[in-house]
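Read the structure below first, then the notes.
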Amino acid sequence: MVKVSIGIPVYNTNEYLRECLDSILNQTFQDFEVLLVDDGSTDGSYNICYEYDQKSDKIRYYHQNHKGIDDTRNLILREADGDFITWIEATDSVEPDYLQHLVDIQNKSNADIVISGFKEYREREFSQSVNLKPYFEELEDNEYTNVDKYRALVLFLSHWTSFFYSWGKLVSMRTHLGVMYPKEFINKDMATTYKLYLHTDNIVVDREELYNHRIIDERVTLGDRDILADYEDKQRVLDEMMMITEIMNFNVAAVRDLCSQVMNNEYNAAMEKLSESWKPKLDKLRSELAD
């Protein structure tokens, strides 16, 4: 057993993968394992994974035919031996004291989930620092502060990056128990992260920004059909969320109102992107999903 399992899904990230792995192996906190899964890369990432697997006994390397991020992350969850898990994108990196900081906050707070800020890069150019201190006044005088699960859901539904995505967190494996990444949804993080918040009453945020997140400009423009598919997928994710909160009898009316607001915003955003001939199809889909 180790304290922390680090999950790194890899797919065609050879330009940044060495920087990612070097930043992890250079951590001041060393009670960790790395689960490195190459999901059928075609750009040479496989060779880098193999090289680092040979370099460090902390790395456990897996290779599979291209199955997608859900299968990749679920393999990591099944194989992880740590008490906690943290996800690091293969295009990202972390500061040397990243793990030590997360573990220290967890030890002091006994939290099941520790959420941290980050620095954002547009490829290799620094873009901004995202520190949580301005949004949680308690962080002015404290290293961390508790966040109740309802507020965590609100921030998740507001698409706050730190609360929405899998990376930039330390999560206990007991909290992740039974929470896997679903094959049936397109928006994998959206369909998963909120379930972790519902699984615990012990969530904290801190005031550091030791994770370096890289936004890769792939210039992908969704076509009309994909825009409709994305809208439908998000509605189905939120339908599942509402069902779960109803079963839990957890802030049912408030969660329903929040989900409705989110989908109104998604509808308006989709309408702006769709060509004129596809807009009636969105209205029809919206009506069908409401039935």
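Quick note: the sequence shown uses my numbering, first residue 604, plus one each step. Here a beta-carbon is modelled for each residue, glycine too, at the ideal position from N, C-alpha and C. A quick note: this is a predicted structure, and the numbers were derived from the prediction, not measured.
Next on the checklist: Contact defined as beta carbons within less than 8 Å: I believe LYS748 pairs with VAL807. What is the distance between those atoms, to the nearest angstrom?
Outcome noted: Position 145 of the sequence shown, counted from the first residue, corresponds to residue 748. Position 204 of the sequence shown, counted from the first residue, corresponds to residue 807. The sequence given here has Thr at residue 748, not Lys. About 6 Å; that satisfies the 8 Å criterion.
Next on the checklist: Quick check on ARG727: does DSSP put it in helix, strand or coil?
Outcome noted: Here residue 727 refers to the residue found at position 124 of the sequence shown. Of the three classes helix, strand and coil, the one that applies to ARG727 here is coil, per DSSP.
Next on the checklist: Using only the alpha-carbon positions, how far apart do ASP833 and ILE789 sit?
Outcome noted: On the sequence shown, residue 833 is found 230 positions in, with the first residue counted as 1. On the sequence shown, residue 789 is found 186 positions in, with the first residue counted as 1. Their backbone Cα atoms lie some 7 Å apart in a straight line.
Next on the checklist: Mapping the DSSP letters down to three states, classify SER719 as helix, strand or coil.
Outcome noted: Along the sequence shown, one-based indexing puts residue 719 at 116. SER719 falls in the coil class under three-state DSSP.
Checklist entry - Since PHE739 and GLU812 are thought to touch, with beta carbons under 8 Å apart, how far apart are those beta carbons, to the nearest angstrom? => result The residue you call residue 739 lines up with position 136 of the sequence shown. The residue you call residue 812 lines up with position 209 of the sequence shown. Rounded, the Cβ-Cβ distance is 14 Å, inconsistent with contact.
Checklist entry - Going by the beta-carbon positions, is the gap between ILE819 and THR694 smaller than 7 Å? => result In the sequence shown, residue 819 corresponds to position 216, counting from 1. In the sequence shown, residue 694 corresponds to position 91, counting from 1. In this structure, THR694 lies closer than 7 Å to ILE819 by Cβ.
Next on the checklist: MET845 and CYS862 - do their beta-carbons sit closer together than 7 Å?
Outcome noted: Working through the sequence shown from its first residue, we reach residue 862 at position 259. Working through the sequence shown from its first residue, we reach residue 845 at position 242. Yes, Cβ-Cβ distance for CYS862 and MET845 is below 7 Å.
Checklist entry - When the distance is taken between beta carbons, is ASP642 closer than 7 Å to TYR619? => result Mapped onto the sequence shown, residue 619 falls at position 16. Mapped onto the sequence shown, residue 642 falls at position 39. It is not a contact, given that the beta carbons lie outside the stated cut-off.
Checklist entry - SER608 and ASP656 look like a contact to me (Cβ under 8 Å); what is the Cβ gap, rounded to whole Å? => result Sequence index remark: in the sequence shown, residue 608 carries index 5 (1-based). Sequence index remark: in the sequence shown, residue 656 carries index 53 (1-based). Wrong, their Cβ atoms sit about 16 Å apart, outside the cutoff.
Next on the checklist: Using 8 Å as the cut-off, can you tell me whether the segment 696-710 makes contact with the segment 725-734, which would need three or more C-beta pairs spanning the two stretches below that distance?
Outcome noted: The segment 696-710, when compared against the segment 725-734, does not touch it at the 8 Å Cβ threshold.
Item to check | Option in HIS779, ASN815, ASN668, ARG810 with minimal Cα separation from LEU799 | outcome: Along the sequence shown, read from residue 1 onward, the residue named residue 799 stands at position 196. For LEU799, the closest of HIS779, ASN815, ASN668, ARG810 by C-alpha to C-alpha distance is HIS779.
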